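A.B. asks: Provided herewith is a single structure, encoded as structure tokens, for subsequent inquiry.
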Amino acid sequence: MEVPVNDGEIHASIEGDLAKVALVERHHGTGRAQVGLVSGFGFRVPCAVASTVAHDCHHLMIVGTDEASMALAANTLAATGGGQVVVRDGKVIGQVDLPLGGLMGTEMAEIVAARAESIVQGFRACGCKLNNPNMQLSLLGLVVIPELRITDKGLVDTTRFTFLPVVAGPAK
């Protein structure tokens, strides 16, 4: 995909359905983080969704249209120990805390379920029309399915078993 570069940076494009995706390693304190691009979420406003429910790695995954929203989403989850959060226009609009490994809540099931529903509604408030956007997000790092996946070590072509650069120069 050809994407515009402004001042040496690639910017997410609400009009072009292009978002940034970031994966932050969260189990060993390596500090590794990778950034890539993703399309298909249909975000139409400045927003971000972050989750520690990310098969099979369960690292911190963030997808968003602007870096400020992505940072707020990531920092919110870092402060709670894991879960999912949606940020729109600089405000948290959905959040479910999952402090047990970033995968399970400690509150009554009805409370966790209601908060989980706030994530689905948050996706919708950002313009996402996917049937199951949580699944789409959680599978971005699952390296056992084709074709491109993001890991804490980089972008992986899972059909060729090679790492790829996120950005390449113009086609020749």
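Convert by adding 1310 to the 1-based position in the sequence shown; the result is the number in the numbering used here. Glycine included, each C-beta is placed from N, C-alpha and C at the ideal position. Since the structure is predicted, the reported quantities are computational estimates derived from the model, not experimental observations.
Taking 7 Å as the limit between beta carbons, can you name the residues of its chain near I1460, skipping five residues before and five after?
C.D. replies: Taking the first residue of the sequence shown as 1, we reach residue 1460 at position 150. So the qualifying residues of the chain are V1331, L1333, Q1344, G1346, L1450, G1451.
A.B. asks: Determine whether the beta carbon atoms of Q1446 and S1428 lie at a separation below 8 Å.
C.D. replies: Along the sequence shown, one-based indexing puts residue 1446 at 136. Along the sequence shown, one-based indexing puts residue 1428 at 118. No, Cβ-Cβ distance for Q1446 and S1428 is not below 8 Å.
A.B. asks: Quick one: Cα of T1340 to Cα of G1464, how far?
C.D. replies: For the purposes of this step, residue 1340 is taken as the residue at position 30 of the sequence shown. For the purposes of this step, residue 1464 is taken as the residue at position 154 of the sequence shown. Computed Cα separation, rounded: 14 Å.
A.B. asks: Could you give the residue range of the alpha helix (DSSP H) that holds R1425?
C.D. replies: Numbered from 1 along the sequence shown, position 115 holds the residue referred to as residue 1425. Run containing R1425: 1419–1435, per the alpha helix (DSSP H) assignment.
A.B. asks: In the DSSP assignment, find the beta strand (DSSP E) that holds A1378 and state where it starts and stops.
C.D. replies: Position 68 of the sequence shown holds residue 1378. Note, A1378: premise wrong, no beta strand (DSSP E); alpha helix (DSSP H) at 1377–1390.
A.B. asks: Tell me whether the stretch 1377–1397 and the stretch 1465–1481 touch, counting them as touching only if at least three CB pairs, one residue from each stretch, are closer than 8 Å.
C.D. replies: Taking 8 Å as the limit for Cβ pairs, the verdict is that the stretch 1465–1481 does not touch the stretch 1377–1397.
A.B. asks: In this structure, does DSSP put N1441 in helix, strand or coil?
C.D. replies: Within the sequence shown, the letter at position 131 stands for residue 1441. Looking at N1441 - three-state DSSP - the assignment turns out to be coil, as it is neither helix nor strand.
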